[in-house]
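Before any comments, here is the structure.
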Amino acid sequence: MSRNYPGGRGKSACVIWVGAGRGGVVTADTALPAHPARRDGWRRAARSLGLLAGIVAIGIVSVLSLRFGSIGITNREAWDAIFNYDSASYNQTVVRSLRLPRTVVALAVGAGLAVAGATMQAVTRNPLADSSILGVSSGASFAIITAIYYLGLSAPSQYIWFAFAGALGSSLLVFLIGSAGREGASPVKLALAGVVVSSLLGAWSSALLLLDQQTFNVVRFWLAGSVAGRPLDSFWPVAPFLVGGALASIFIGHQLNVMSMGEDTARSLGMHTGRTRVLCSALVVLITGAAVAAAGPIGFVGLAVPHMVRGVVGPDYRWVLPYSLIYGATFLVLADIAGRLAARPAELEVGIVTALVGAPFLISLARRRVVEH
Numbered sequence: 004m005s006r007n008y009p010g011g012r013g014k015s016a017c018v019i020w021v022g023a024g025r026g027g028v029v030t031a032d033t034a035l036p037a038h039p040a041r042r043d044g045w046r047r048a049a050r051s052l053g054l055l056a057g058i059v060a061i062g063i064v065s066v067l068s069l070r071f072g073s074i075g076i077t078n079r080e081a082w083d084a085i086f087n088y089d090s091a092s093y094n095q096t097v098v099r100s101l102r103l104p105r106t107v108v109a110l111a112v113g114a115g116l117a118v119a120g121a122t123m124q125a126v127t128r129n130p131l132a133d134s135s136i137l138g139v140s141s142g143a144s145f146a147i148i149t150a151i152y153y154l155g156l157s158a159p160s161q162y163i164w165f166a167f168a169g170a171l172g173s174s175l176l177v178f179l180i181g182s183a184g185r186e187g188a189s190p191v192k193l194a195l196a197g198v199v200v201s202s203l204l205g206a207w208s209s210a211l212l213l214l215d216q217q218t219f220n221v222v223r224f225w226l227a228g229s230v231a232g233r234p235l236d237s238f239w240p241v242a243p244f245l246v247g248g249a250l251a252s253i254f255i256g257h258q259l260n261v262m263s264m265g266e267d268t269a270r271s272l273g274m275h276t277g278r279t280r281v282l283c284s285a286l287v288v289l290i291t292g293a294a295v296a297a298a299g300p301i302g303f304v305g306l307a308v309p310h311m312v313r314g315v316v317g318p319d320y321r322w323v324l325p326y327s328l329i330y331g332a333t334f335l336v337l338a339d340i341a342g343r344l345a346a347r348p349a350e351l352e353v354g355i356v357t358a359l360v361g362a363p364f365l366i367s368l369a370r371r372r373v374v375e376h
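For the sequence shown, the numbering used here assigns the number 4 to the initial residue and increments by one for each residue that follows.
Here it is, written out as structure tokens:
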């Protein structure tokens, strides 16, 4: 006679055999349950491999970015353009002067925007949070256009401080509007406040551009979100703020995990929520202001990439942030390549491509939120 005692979820079932003259013999017909520490080890190993795969992907898309565009470049020509440059070679000049700078800018801007988006989503507990949706990018853009119009500034190193001020001012305005009322701030109210502020600042920016054709000529490609025509000499002054802010954000994953549980829970665990919120907001303003100064307002990278990453690694921000950094860089370079090939020999600006990808993503995310509620 036998009796089956099925194990619970994740546990093995045992079969107890009772035979005459044989006594009770217990055998297990399945493997013993895996130890929790062993499962955690496998999970960490898989996530680490995912990071390694992302680094490899960055290398691959960077090579593709150097090769593809209005004219084709061979691997040998791309290699020589970087390590054995011959100024007499037209193809090497294209790589060295045009494609290498735009690849570097796309990598840095994509990484920064994705990390900033993930940080905003954790601090505000708003899955729709993104620098372009909550008005931060619009504030930086408006400040830069104002600086160009009134002061005649032309280099990112000159107007980056205006970008920081504009990003900070618009984020504060969005928070004040979104927090108005007895209920306080909510994801939907913050998103609507961001739309209102972005529309208002966009209208003012358009008015300034219509008043001065020269200012419009300076910023028309930049306004669409573009990494083209960005020499490295003008990018290096912006890079420390962009790259430094993104790298610094990676080390606050534990704090973001606690903040994402809610303010009351975070306080009960001993966290200084006000200090953490100020630190995270400062990093977001720093990254977004530098990204807008370098490449213009590029939307939806900070929205789409963190959500894609969470589908792979879960909600742990100690992994979401480094994944967002690596795959955000990969995503923006791929978007830039797609823009070059879609309208060849002309090209679409990378901000247009990310909008075409991100807008449907935002709609599907909003519909999912409505269904859940």
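Positions of the beta carbon are idealized from the N, C-alpha and C atoms, including for glycine.
For a test of the three-state rule: what should DSSP assign to residue i, helix, strand or coil?
i      : result
Phe303 : coil
Ser73  : coil
Asn87  : coil
Asp43  : helix
Met274 : coil
Asp267 : helix
Glu80  : helix
Pro325 : helix
Ala369 : helix
Ser135 : coil
Ser51  : helix
Pro318 : coil
Ser202 : helix
Leu386 : Look at the range of the chain in this structure, 4 to 376, and you will see that residue 386 is not part of it.
Ala231 : coil
Leu282 : helix
Arg343 : helix
Arg185 : coil
Is the Cβ-Cβ distance between residue i and residue j less than 7 Å?
i      : j      : result
Ser201 : Gly302 : no
Leu245 : Ile148 : no
Arg99  : Tyr88  : yes
Gly53  : Ala227 : no
Val295 : Ser160 : no
Gly265 : Arg321 : no
Ser68  : Ile253 : no
Leu171 : Val97  : no
Ala338 : Val356 : yes
Leu335 : Gly113 : yes
Glu350 : Ser229 : no
Ala150 : Phe165 : yes
Ile329 : Gly57  : yes
Ile290 : Gly317 : no
Arg406 : Ala231 : This structure cannot speak to residue 406, because the chain is shown only from 4 to 376.
Pro240 : Ser144 : no
Under the assumption that residue i contacts residue j (Cβ atoms under 8 Å), give the Cβ distance between them as a whole number of angstroms.
i      : j      : result
Ala298 : Val64  : With 8 Å as the limit, Ala298 and Val64 do not qualify as a contact, their Cβ atoms being about 17 Å apart.
Arg280 : Val177 : With a Cβ gap of about 14 Å, Arg280 and Val177 do not count as contacting.
Gly142 : Ser174 : 7 Å
State the start and end residues of the unbroken alpha helix (DSSP H) segment that holds residue i.
i      : result
Met123 : 103 to 127
Tyr153 : 139 to 154
Phe254 : Where Phe254 is concerned, there is no enclosing alpha helix (DSSP H), given that its DSSP letter is neither H nor E.
Ser160 : 159 to 182
Val221 : 216 to 226
Ser237 : 235 to 238
Val98  : Careful: Val98 lies outside any alpha helix (DSSP H) and carries neither H nor E.
With three or more C-beta pairs closer than 8 Å as the rule, is the segment 128 to 144 touching the segment 300 to 309? yes
Touch test, the segment 114 to 126 against the segment 310 to 327, Cβ-Cβ under 8 Å, three pairs minimum
yes
*Contact between the segment 171 to 191 and the segment 257 to 272: three or more CB pairs below 8 Å?*
no
Practice task
Count the CB pairs spanning the segment 207 to 225 and the segment 333 to 347 that are closer than 8 Å, and state whether there are at least three.
Solution key: no
- Determine contact between the segment 266 to 280 and the segment 203 to 218, defined as no fewer than three beta-carbon pairs at a distance below 8 Å. no
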